[in-house]
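Shown next, in C-alpha cells, is the structure this report addresses.
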Amino acid sequence: MHPSSEYCYANWFLAEKCNFRCFYCSVVNPQRPKRLIRKIKSVVSPSRRRYSLYDELDGVIERFLRTGRKITFGFTGGEPLIYPHFAEICKRLTSFDEFSISIDSNLSTDAIFRITESVFPEKVEYIFSALHVLERERVFGEIDSFIERVLWLKNEGYRIDVNYVMHPILFDRIERDYRYCLDKGLKLSIKKFKGVYQGKKYPASYTAEMKDYLRENFPSESSCDPFGSRNFLGRNCNSGMSIVNIWESGDITRCIADTTSLGNVYSGFDLNETAQPCIMANCPCFDPIRLFDDMDHAPEIGPLSVRIARIRQAFHVLKRVWQQS
Ligand code: SF4
Ligand code: SF4
C-alpha cells in the first residue's frame, strides 16, 4: 500500500462510448432520467466544450507532476480502447516514472496490442475485464479469441482479472461458461449483479437457488447486501487525496458520491493534502480499505446530521447525473 499523501489513484471516466451494447450496462443504456437530462442539456448548453485528452496531454501531465505524487490513472468508461489515440496517451503517460495506468476494458479491439508494444507490465497496475458473454457471442460468434487474448496478456506478465457478473438472465449458463473458461486455463471472478432488472433490485431479489449457488461456489460473493455497511459519515476519508474521480469533462471530484469539485484536469486542480471527513450518508465507493487509515475510529453522528447528509447526498446525485449526461 502506498503512503496515502504521496500516491493517488485517479479513476478516470474517459468517455461514455462503447463498441459493445451489453443489455445490463447503465452507460450505453442510460435510464430515463439521464436520457431526459441529456436532452435538456443539449438545449441549455449546446456548445459545451469537449476536450481531447490527446491534444491537451502536455498540460495535463504538467499539472499532475506538480502534485508531487505518484499517480495511477485508472482508465474506465465506456470503453477506453476506442478513445482517440488511447495507446499513444498510455505510452506518453507511462514514460514518466511518476505515472502508471490501469485499464477497465472489454479487450475487444487490437488497440490493446498497441499499448503492450510500448507499456511494460510493471507500468500497468491492473487490467480489469469481463466476459460479457452474450455480447461477445453476438459480435464475434465465439469467446475463444477473448480467452486467448487474456491468456496471452497473463503470459506477458500483465496482471489481469476477468469478471463474470451473475445477472439473473445468465444464471442458466453460468456454470457451463465457468467450466468452459476454466478448461481453457482462464479462471473467472464471479460477481453478484448489483442493479435493477425487471423492476426488482439485485442481489436482494436472487432466488433461493441462485443464493445457494453463490454460497456454495463463491462464498465471498454470497452476501445479498449490495454494499454491506456503508455509512462512513464523519470519518476521515482519504478520497480527494489518495483516490479521486475524473469525469468525461475533466472535472475532478473527491469520489462518485461527493461531487464537490477539486478543479479540472484541463485547467487546474488541487488535491486534498489530508484525509477529510465524509459528508455523505451512504458510500457507494468500492474498496473501503483504501479509504481509511483508521477503520475503527467512527465518530458519533446525531440523527440531524444524518438527515442533512441525506439531503446533501440527493443534491450530489443530481449533480453527478447532470455532469455525466
Ligand atoms: S463492455 Fe462495459 S461499457 Fe461496454 S456496454 Fe458492456 S458493460 Fe457497458
Ligand atoms: S462517500 Fe465514501 S469515498 Fe466518498 S467521502 Fe464518503 S467515505 Fe469517502
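Heads up, the sequence shown stops at 1074 in the numbering used here, and the numbers go up one at a time, no gaps. Glycine included, C-beta positions come from ideal geometry on N, C-alpha and C.
Range covered by the alpha helix (DSSP H) that runs through residue i
i: residue 839; result: 835-842
i: residue 904; result: 893-904
i: residue 929; result: 923-933
i: residue 831; result: Residue 831 -> no alpha helix (DSSP H), and no H or E assigned at all.
i: residue 919; result: Taken as a continuous stretch (DSSP letters only), residue 919 belongs to no alpha helix (DSSP H), as it is neither H nor E.
i: residue 808; result: 806-815
i: residue 1040; result: Here residue 1040 belongs to no alpha helix (DSSP H), and DSSP marks it neither H nor E.
i: residue 957; result: 957-966
i: residue 888; result: 882-889
CB of residue i within 8 Å of CB of residue j, strictly
i: residue 991; j: residue 1003; result: no
i: residue 982; j: residue 1030; result: yes
i: residue 905; j: residue 827; result: no
i: residue 979; j: residue 1032; result: yes
i: residue 1028; j: residue 1061; result: yes
i: residue 892; j: residue 882; result: yes
i: residue 942; j: residue 917; result: yes
i: residue 999; j: residue 1021; result: no
i: residue 911; j: residue 931; result: no
i: residue 1048; j: residue 984; result: yes
i: residue 909; j: residue 915; result: no
i: residue 986; j: residue 920; result: no
i: residue 856; j: residue 878; result: yes
i: residue 1005; j: residue 970; result: no
i: residue 876; j: residue 854; result: yes
i: residue 951; j: residue 944; result: yes
i: residue 958; j: residue 769; result: no
Sequence-distant residues of the same chain with beta carbon closer than 7 Å to residue i, five excluded per side
i: residue 839; result: 850, 864 and 868
i: residue 806; result: 838 and 841
i: residue 860; result: 830, 835 and 836
i: residue 1066; result: none
i: residue 933; result: 896
Sequence-distant residues of the same chain with beta carbon closer than 8 Å to residue i, five excluded per side
i: residue 822; result: 759, 761, 842, 848, 849, 850 and 851
i: residue 808; result: 1015
i: residue 812; result: 1014, 1017 and 1018
i: residue 757; result: 816, 818, 819, 820, 821, 990, 991, 992, 993 and 1020
i: residue 803; result: 833, 834, 837 and 838
i: residue 880; result: 892, 895, 911, 912, 913, 926, 930 and 937
i: residue 752; result: Bear in mind that a pLDDT of 47 at residue 752, under 50, signals an unreliable position, so the number given afterwards is only what the model happens to contain. Cβ neighbours of residue 752 beyond the five flanking positions: none.
i: residue 907; result: 865, 870, 873 and 876
Residue(s) in a DSSP beta bridge with residue i
i: residue 1026; result: 985
i: residue 876; result: 852 and 909
i: residue 1000; result: 1013
i: residue 949; result: 946
i: residue 914; result: 940
i: residue 1018; result: 1012
Boundaries (first-last residue) of the beta strand (DSSP E) holding residue i
i: residue 865; result: Residue 865 -> not in any beta strand (DSSP E); alpha helix (DSSP H) instead, spanning 860-867.
i: residue 761; result: 756-762
i: residue 994; result: 992-995
i: residue 824; result: 819-825
i: residue 941; result: 938-941
Beta-carbon proximity list for residue i, same chain, < 6 Å, skipping 5 on both sides
i: residue 832; result: 763 and 764
i: residue 976; result: For residue 976, the predicted model reports a pLDDT of 47, less than 50, meaning its position is unreliable and no value from the coordinates is stated.
i: residue 755; result: 818
i: residue 750; result: Bear in mind that a pLDDT of 48 at residue 750, under 50, signals an unreliable position, so the model cannot answer this.
i: residue 858; result: 830
i: residue 810; result: none
i: residue 902; result: 909
Interface flag, residue i vs chain B, CB-CB below 8 Å
i: residue 1010; result: Checking the listed chains, one finds no chain B in this structure; it contains a single protein chain.
Give me every residue whose Cβ sits closer than 5 Å to any heavy atom of ligand 1, in chain order.
767, 769, 771, 774, 776, 777 and 855
Chain-ordered residues, beta carbon under 6 Å from a heavy atom of ligand 2
981, 986, 988, 1003, 1004, 1006, 1007, 1027, 1029, 1032, 1034 and 1040
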